[in-house]
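**Q**
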Amino acid sequence: MTASLTVKSVNARLAEELAVGEAQVAAAVRLLDEGATVPFIARYRKEVTGSLDDGQLRTLEERLRYLRELDDRRATVLASIEEQGKLTDELRTALLAADTKARVEDIYLPYKPKRRTKAQIAREAGLEPLADRLLAEPTVVPEEVAAQFLGEAVADTAAALEGARHILVERVSEDAELVGAVREKFWADGSLRTAPWSEEAAKSAAAQKFRDYFEFTESLESMPSHRVLAVMRGEKEEALALTFDGGADDGYQAMIARSLGIDMTGPGAATAWLADTVRWAWRTRLMFSASVDARIRLRQRAEEEAVAVFAKNLKDLLLAAPAGARTTLGLDPGYRTGVKVAVVDGTGKVVDTCAIFPHQPQKQWDTAKATLAALVARHGVELIAIGNGTASRETDALAAELIADIRAAGAAAPAKAVVSEAGASVYSASAYAAHELPELDVTLRGAVSIARRLQDPLAELVKIEPKSIGVGQYQHDVAPGTLAHSLDAVVEDAVNAVGVDLNTASVPLLSRVSGVTQSLAEAIVAHRDKTGPFRHRGALLEVPRLGPKAFEQCAGFLRIRDGDDPLDTSGVHPEAYPVVRRILDRAGITLAELIGDERLLRSLQPGDFADDRFGIPTVTDILAELEKPGRDPRPAFTTATFAAGVEKVADLKVGMVLEGVVTNVAAFGAFVDVGVHQDGLVHVSAMADRFVSDPHEVVRSGQVVRVKVVDVDVERQRIGLSLRLNDTPQPGKAGKRGGRRDGAPPPRGERRNPRSGRGADRRDSAPAAGSMAQALRDAGFGR
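Its first residue numbered 11, the sequence shown is counted upward by one per residue in my numbering.
1. Kindly indicate which three-state DSSP category residue 243 falls into: helix, strand or coil?
2. Using the rule of at least 16 other Cβ atoms within 10 Å of the residue's Cβ for burial, across every protein chain shown, is residue 343 buried or exposed?
3. Would you tell me roughly how many angstroms separate the C-alpha atoms of residue 623 and residue 630, rounded to the nearest one?
4. Closest to residue 331 by CA distance: which of 713, 721, 120, 731 is it?
5. Looking at C-beta atoms only, is the number of pairs between the segment 34-44 and the segment 65-72 that lie closer than 8 Å three or more?
6. Excluding the 5 residues preceding and the 5 following residue 441 in the sequence, name in chain order all residues of the same chain whose CB lies nearer than 7 Å to its CB.
7. Please state whether the Cβ-Cβ distance between residue 527 and residue 521 is less than 9 Å.
8. Please report the residue range of the beta strand (DSSP E) in which residue 332 lies.
9. Mind pulling the alpha helix (DSSP H) runs of 4 or more residues that sit fully within the segment 89-157?
10. For residue 341, which beta-bridge partners are listed by DSSP?
11. Compare the Cα-Cα distances from residue 407 to each of 379, 390, 160, 726 and report the closest residue.
12. Do the CB positions of residue 358 and residue 455 come within less than 9 Å of each other?
13. If you measure from the beta carbon of residue 630 to each beta carbon in chain E, is any gap under 9 Å?
14. Note the first and the last residue of the continuous alpha helix (DSSP H) segment covering residue 463.
15. Closest to residue 560 by C-alpha separation, out of 542, 533, 573, would be which residue?
16. Who pairs with residue 201 in a beta bridge, going by DSSP?
17. Since residue 263 contacts residue 292 with CB under 8 Å, what's their CB separation in whole angstroms?
18. Thinking just about the alpha-carbon of each residue, which of 367, 600, 204, 619 is nearest to the one in residue 229?
19. Are there 16 or more other CB atoms within 10 angstroms of the CB of residue 652, so buried, or fewer, so exposed?
20. Rounded to a whole number of angstroms, what is the C-alpha to C-alpha distance between residue 694 and residue 26?
21. Give me the Cα-Cα distance between residue 152 and residue 132, rounded to the nearest whole angstrom.
22. Exposed or buried, which one is residue 658 when buried takes at least 16 other CB atoms within 10 Å?
23. Can you give me the Cβ contacts of residue 185 inside the same chain, cut-off strictly under 6 Å, excluding the 5 residues immediately before and after it?
24. Determine the closest residue to residue 494 out of 464, 706, 321, 680, with distance taken between C-alpha atoms.
25. Alpha carbon to alpha carbon, how far is residue 439 from residue 477?
26. Give me, in chain order, the residues of the same chain whose beta-carbon lies closer than 8 Å to that of residue 643; leave out the 5 immediate sequence neighbours on both sides.
27. Do you know how far the Cα of residue 24 is from the Cα of residue 354?
28. Starting from the C-beta of residue 576, find all residues in its chain whose C-beta is less than 8 Å away, skip the five residues before and the five after it, and write them out in chain order.
29. What whole-angstrom Cβ distance do residue 385 and residue 339 have, given they're in contact under 8 Å?
30. CA-CA distance, residue 383 and residue 351?
31. My output table needs one value for residue 192: the three-state DSSP class, helix, strand or coil.
32. Closest to residue 400 by C-alpha separation, out of 201, 388, 420, 370, would be which residue?
33. Which stretch, first to last residue, makes up the alpha helix (DSSP H) that contains residue 559?
34. The beta strand (DSSP E) with residue 709 in it runs from where to where?
35. Give me the DSSP bridge partner(s) of residue 674.
36. For residue 596, count neighbouring Cβ atoms within 10 angstroms of its own Cβ and tell me buried if that reaches 16, exposed if not.
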């Protein structure tokens with residue numbers, strides 16, 4: 011009976027949190043328990059869940075996991091207390107009503123098996139009556155009463171009073187109501203103070219990147235996530251010492267006194283002893299536990315916010331516009347080791363590779379250009395993808411000159427685009443890359459990846475572990491499990507929103523499709539290689555170990571171009587094909603005539619074709635799919651045009667208006683590549699002529715934007731930008747509007763390696779104070 015009541019409360023609470031019906035929650039929970047994925051439920055089970063979207067379902071899935079863990083812990087605690095013979099109806103009711111894990115642990119604290127404490131030893135010595143009497147009769151003289159409890163285990167009155175104090179301190183530290191109230195007060199009133207780890211540590215070069223935190227204080231409630239993770243990293247590196255301060259002690263001591271029923275200002279002879287006990291309880295037990303809880307809570311909140319930022323950026327990057335199935339030449343720039351070159355055809359197949367050495371020290375500019383020209387002519391190259399790492403700008407200039415020469419000769423010239431190299435080296439050295447491109451050197455695999463990610467960012471980036479893509483905010487300071495779970499969900503949602511070509515998709519891409527595991531993806535590719543392209547979706551059932559359940563989950567997200575059934579190229583699930591047949595029968599036309607006929611499809615009423623299984627939401631989706639089968643939800647492909655003659659930070663002038671690409675979005679602003687090897691910062695205060703609470707409201711990763719240069723620091727390689735093109739630049743004052751403190755001085759001197767995704771915190775850092783100049787000083791990107 012208790013279990014059923016608990017399950018009901020879980021569904022009811024989820025319904026309340028999501029502001030939806032309990033029946034919707036119950037249906038979604040049932041589908042999840044049956045193995046359905048969030049993308050499948052959101053897309054193909056709208057009637058069952060009342061059209062819960064993927065965002066609601068992700069929240070439901072996460073909260074369901076937490077609440078079930080809470081139930082499991084509650085059951086364990088109940089069993090433990092019952093086994094001790096101490097479970098009362100009141101205690102059971104309190105535990106069943108506990109709505110957080112922390113609350114369950116607070117209630118359990120007095121009953122939790124623990125090592126033999128000083129309070130237990132005092133009780134065994136018969137000192138609990140002494141503690142109770144001093145509480146009940148504050149007028150007695152403590153030493154006189156304590157003398158009555160001397161014995162073999164209690165040598166003198168001082169020992170007796172010390173034992174009684176231990177009993178009272180443990181009593182308040184196990185008072186669930188008091189502990190909870192102290193925790194919340196500490197969080198609301200408390201602050202975090204930072205100082206150098208030591209005088210010696212403060213002088214070290216490693217600690218200097220944290221010097222802005224050598225004397226720093228901020229409220230626990232208002233401290234932003236990037237600042238929390240920055241100072242905690244400083245502590246981990248033994249550069250900073252952190253102190254959690256709950257504010258004035260008086261308020262907490264008053265709470266403890268009320269809990270024990272003590273009047274700390276009373277006239278009794280025992281009042282001073284009791285007041286000292288209260289202070290002792292606060293200083294030795296409750297203050298410590300509240301500090302620990304505040305630290306955990308602060309870090310959890312910071313990690314949640316950091317993961318949310320990373321997830322948004324990753325989603326934008328994965329859903330960036332694809333250039334499409336066009337022959338592409340990929341350039342992986344470098345100086346001494348040369349520029350690695352790879353040509354891939356429209357399907358991503360490698361057709362040519364080489365290395366050129368246009369830059370220092372070889373400086374074989376003309377030879378390199380001639381080599382590229384020959385490759386363009388030989389393979390009909392339509393696009394040139396240039397990695398944005400070292401020597402990117404110089405290589406971009408080489409490509410621009412090549413394109414100009416081709417046009418001057420009267421031939422059709424390819425277009426060029428600079429592509430993020432984030433994670434390229436991780437892919438190049440991976441086992442999958444070795445399997446996929448066994449004949450290529452590791453360095454050449456990077457050029458292949460750069461070319462392919464211009465053709466289809468999603469298809470290529472799924473081959474890289476999400477955290478290595480490097481678009482996060484202090485992602486290396488976040489618990490790996492928390493980060494991985496969230497990012498995997500983002501990748502899954504992105505892949506299934508776009509759909510996957512069954513006959514060309516790689517194993518990593520297929521393994522992100524709803525219902526397809528890594529082993530099933532490998533089996534699909536092996537079957538495809540052995541028997542040839544799939545002609546219809548039903549042929550998936552011929553793949554070993556791919557049963558009806560997996561087929562149900564994945565079929566609607568897999569596309570077959572030029573197959574036996576035109577519906578297989580759409581997002582219509584095979585289970586709903588009978589609905590399409592009914593539409594064709596009613597309209598009296600063929601499928602070929604119906605597909606794409608926007609006027610006819612929009613004239614049809616979904617309710618006319620709905621039945622007990624497929625309701626109006628599903629039929630509405632089917633009609634929309636038939637208008638443009640397999641439509642790609644990603645935006646149209648565009649590229650930024652970097653200004654000629656602006657190739658390094660020294661070329662920038664305040665007031666310039668440039669085109670660039672957003673490379674990363676953090677809580678305090680966005681970083682933009684304007685083609686000078688060093689990203690500029692658009693602080694959140696310079697994003698719009700209105701208050702912006704979240705930079706993602708204005709920009710997204712990969713977006714092409716126009717920005718105005720408002721501050722340039724050549725020596726420190728820092729650039730201040732604004733999205734407000736009408737601003738009058740005032741170096742050192744830009745971004746001051748609103749006097750906001752949206753960021754924090756992060757570790758200085760860190761540079762991000764876009765190839766590996768390591769050290770990405772050059773872009774993770776955040777400005778601490780109002781002016782743009784201060785924001786740039788604090789941002790910590792560049793040297």
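Built from N, CA and C at the ideal position, the CB exists for glycine as well.
**A** The answer reads as follows:
1. helix
2. buried
3. 14 Å
4. If you compare the alpha carbons of 713, 721, 120, 731 with that of residue 331, the shortest gap goes to 713.
5. yes
6. none
7. yes
8. It is not in any beta strand (DSSP E) - residue 332 carries neither H nor E in the DSSP assignment.
9. 99-107, 111-118, 128-134, 138-146, 152-156
10. 351, 396
11. 379
12. no
13. Given the protein chain composition of this structure (a single chain), no chain E is represented.
14. 452-465
15. Comparing C-alpha distances from residue 560 to each of 542, 533, 573 shows the shortest one belongs to 533.
16. Beta-bridge pairing links residue 201 to 229, 255.
17. Between residue 292 and residue 263 the Cβ distance is about 5 Å, and since that is below 8 Å, they are a contact.
18. 204
19. For residue 652, the number of other beta carbons within 10 angstroms of its own is at least 16, and it is reported as buried.
20. 34 Å
21. 16 Å
22. Counting Cβ neighbours within 10 Å, residue 658 comes out exposed, since fewer than 16 surround it.
23. 269
24. Ranking the options by Cα distance to residue 494, first place goes to 321.
25. 16 Å
26. 329, 507, 508
27. 49 Å
28. 601, 602, 605, 639
29. 6 Å
30. 12 Å
31. helix
32. 370
33. 558-564
34. It is not in any beta strand (DSSP E) - residue 709 carries neither H nor E in the DSSP assignment.
35. 681
36. exposed
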